[in-house]
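Single-structure report; data block below.
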Amino acid sequence: MTVLLYNEDAYLLDFTANVLDCTPTKHQGKDAYDIVLDQTAFFPEQGGQDCDSGVIRVLQIPNDGNSVNPAGDDAPSNILHVSIKSDIIHHICDRPLPSDAVVKGLINREQRFDRMQQHSGEHLVSGTVHRYFGADNVGFHLSAREVTLDFNTTFEEKDIAFIEDIVNRAIYENFETHIFFPSPEELKDLNYRSKKEIAGQIRIVEFPGYDMCACCAPHVKRTGEIGSVRIVAAEHFKGGTRMWIECGARSLRSARAQLNDVRAISRITSAKISEIVPAVEKLSESLKDARFKLVKFERDSILALVDDIKAEKNPIIWIDSCDQDNLRMGVNTLVSGTDGFCSAFCGNDDDGYRFIIASSGNDCRELINKMKASFEIRGGGSADMVQGTIKATRTEIAVFYTETGIE
Ligand SMILES: [Zn+2]
18 MTVLLYNEDA YLLDFTANVL DCTPTKHQGK DAYDIVLDQT AFFPEQGGQD CDSGVIRVLQ
78 IPNDGNSVNP AGDDAPSNIL HVSIKSDIIH HICDRPLPSD AVVKGLINRE QRFDRMQQHS
138 GEHLVSGTVH RYFGADNVGF HLSAREVTLD FNTTFEEKDI AFIEDIVNRA IYENFETHIF
198 FPSPEELKDL NYRSKKEIAG QIRIVEFPGY DMCACCAPHV KRTGEIGSVR IVAAEHFKGG
258 TRMWIECGAR SLRSARAQLN DVRAISRITS AKISEIVPAV EKLSESLKDA RFKLVKFERD
318 SILALVDDIK AEKNPIIWID SCDQDNLRMG VNTLVSGTDG FCSAFCGNDD DGYRFIIASS
378 GNDCRELINK MKASFEIRGG GSADMVQGTI KATRTEIAVF YTETGIE
């Protein structure tokens, strides 16, 4: 089994090890190498957390005349993925390493610390939910993009603020994390989360007074290092709740981006930051008002057009832009005065047209089928009315109508 250096020291970011095995393999369809070391500080993907990244460099190749560096140079082997199977850690790398070589592993420091902040923050949130709401964390995912926690209960908005306050208080108290490996006898008396899920040697991560949980991942030494925890979203999920959290530098980055958005809205609305909500509400109301006036204007325009052509046998409305209800109203008004084809085309030659065609005396489906033979058309309907979109110019449509005998 591989000695897991991260179990004892989460801050160990470079280490030396011996290469036990290097086997060609594939990773995401490309050539790669499955490297096994006698010990490692690389955390594998497990328990909902993505694996560490970094590089492995050759320090020394045994001078036995047999061992050669298969890569042929001193370039490091990049970690593509790390997994654990039957207590063996497999480092999937882009370049081979000589068997029996002494190597140095270097872990991506920023990524590791970010994950320590997120994972420790997750324990504080899950422990607080367990303690105050009696609910369990039933799903956890930690990647570069997001941290999600699934709980088998639902929360009110005030509960979310309450949990955030408790968790951040634990951060201000800046106490030490207690990580230990209890004996089976000691374990029986411990009241910790994830009690049933993990077999074998149990590693307990305790945030005294806030949480105790079986966990294999690297954690911060003191809670102050988490920086802060924000619960940025909570949604109903499978009868419970999915919660998104951001901790430490990740929380700061996202708060900064959100503040920049708020400043931009403040500039656009010419309102102070403290007054952007009523300013946006006012803007939304005036938009609704403008939309209402536009629809009324379009209705009047359509009615004027209808008035001009209502005496024709097969009248056609041409208009640049119009609400669909108004367009339909125009066609229906025309249908009441003729048994010919009453058509409305809304749009322009570059983008194409939306159309509605209705008739009380002809089968509109026959007409649209003929049109489909000549043009790119989406749509359909009944004998009384068809509607859809057409890619054609006004001239092309007019020529088609003439050739079809609709004038
Ligand atoms: Zn954990």
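Quick note: the sequence shown uses our numbering, first residue 18, plus one each step.
Glycine included, every Cβ here is placed at the ideal spot set by N, Cα and C.
Taking the Cβ of CYS264 as the reference point, every heavy atom of ligand 1 lies at 7 Å or farther away. For GLU203, the secondary structure class from DSSP, reduced to helix, strand or coil, is helix. Around the Cβ of TYR28, a 10 Å sphere holds fewer than 16 other Cβ atoms; the residue is exposed. Excluding the 5 residues flanking it on each side, ILE101 has same chain C-beta neighbours closer than 7 Å at PRO61 and GLN63, in chain order. For VAL222, the CB falls within less than 7 Å of some heavy atom of ligand 1.
Remark: C-beta atoms of ILE262 and VAL146 do not approach each other more closely than 8 Å. Look at GLN218 here: in three-state DSSP terms it is coil, with no helix or strand label.
Short note on CYS110: C-beta not closer than 7 Å to any heavy atom of ligand 1. Short of 6 Å from the beta carbon of THR40, and not among the five residues preceding or following it, lie these beta carbons of its own chain, in chain order: ASP51. The alpha-carbon of PHE32 is positioned some 30 Å away from that of GLY46. Fewer than three Cβ pairs drawn from the stretch 326-337 and the stretch 299-313 lie within less than 8 Å of each other, which leaves the two stretches out of contact. The Cβ atoms of ARG239 and PHE198 do not sit closer than 8 Å to each other. Between ASN343 and ALA375, the CB-CB gap reaches or exceeds 8 Å.
Approximately 5 Å separates the beta-carbon atoms of HIS236 and THR194; this is inside 8 Å, confirming the contact. Residues of the same chain with a CB within less than 8 Å of the CB of ALA49, apart from the 5 flanking positions on each side, are PRO41, THR42, LYS43, LEU97, ILE109, CYS110 and ASP111 in chain order. Taken through DSSP and simplified to helix, strand or coil, PHE130 comes out as helix. ILE394 and GLN341 have their C-alpha atoms roughly 18 Å apart. Not a single heavy atom of ligand 1 lies less than 7 Å from the C-beta of ALA27. Of the residues assessed, LEU351 falls on the buried side of the cut-off, its CB having 16 or more other CB atoms within 10 angstroms. Excluding its 5 nearest sequence neighbours in each direction, ALA187 has C-beta neighbours in its own chain below 6 Å: LEU141, TYR227 and THR240, listed in chain order.
Take GLN135, set aside five residues on each side of it, and the residues of its chain with a beta-carbon closer than 6 Å to its own are LEU159, VAL164 and CYS264, in chain order.
Here the alpha carbons of VAL53 and LEU37 stand approximately 5 Å from one another. In the three-state DSSP reduction, THR33 falls in the strand class (E or B).
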